[in-house]
Amino acid sequence: MEKKNRPVQQAANSDIRTSDITPTTSPVQVPKRTPKKHRARVYMLRTGVEGWTENDILRYCRLSSGRNYASELERQLDIQLERIDEKNPDGIGAHLRYRFASRGDVLKVIQHVNHLAAINEHKGLSTQEISDILNLYPDAFNAA
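Quick note: the sequence shown, position 37, residue 37 per full-length UniProt numbering, numbers continuous.
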């Protein structure tokens, strides 16, 4: 019985070079991939006064252990996040919703994110992004 070549096999067996094999001719280096912690912290900042859950970090950042990112921020920046106990939609069990306790804490996290971005040579938050984030937290914001 004779096997027929599939399109993938035909491409792999051909002498034609495709772009995934050909080296780039551009002298510009590909930018570094954004670190996981950076993505998680920026997501946390962009949730505003509503806050985030561990599942939100999993769903939107594709990262597990959402509580670890929150706990690490508390330790490193000496801030206290507010924790709100929420029942699960199915009525079985509960989970925690985290949110920043004050606008000052938000500013500390923004400075921390940009400081680490400069050290690790990846894109930090722009002035416009910082302004947009701060607009999510009113001047008189105090969660606790």
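For every residue, glycine included, the Cβ atom is placed at its ideal position computed from N, Cα and C.
- In the three-state scheme derived from DSSP, where H, G and I count as helix and E and B as strand, Ser64 is classed as coil.
- Spatial neighbours of Lys87 in its own chain (CB-CB distance under 6 Å, excluding positions within 5 residues in sequence) are listed in chain order as Ala94.
- Less than 8 Å separates the beta-carbon of Ile133 from that of Leu45.
- Taking the C-beta atoms as reference points, Leu73 is found nearer than 8 Å to Arg41.
- Listed in chain order, the non-local C-beta contacts of Tyr137 below 6 Å within the same chain comprise Arg103 and Val106, local neighbours out to five positions each way being set aside.
- With contacts defined by Cβ atoms closer than 8 Å, Asn135 and Gly124 do not form a contacting pair.
- For Asp132, the enclosing alpha helix (DSSP H) stretches over residues Thr127 to Asn135.
- Closest option to Asn68, judged by alpha-carbon separation, among Asp78, Lys37, Asp85 and Ile92: Lys37.
- With respect to the C-alpha of Asn55, the residue from Ser65, Gly48, Gln111 and Thr47 having the closest C-alpha is Ser65.
- Here Lys87 is bridged, per DSSP, to Ala94.
- When the five nearest sequence neighbours on each side are left out, the beta carbons in the same chain lying within less than 8 Å of the beta carbon of Gln76 are those of His112, in order along the chain.
- Minimum Cα-Cα distance from Pro35 among the listed residues Gly48, Arg62, Trp52 and Glu50 corresponds to Arg62.
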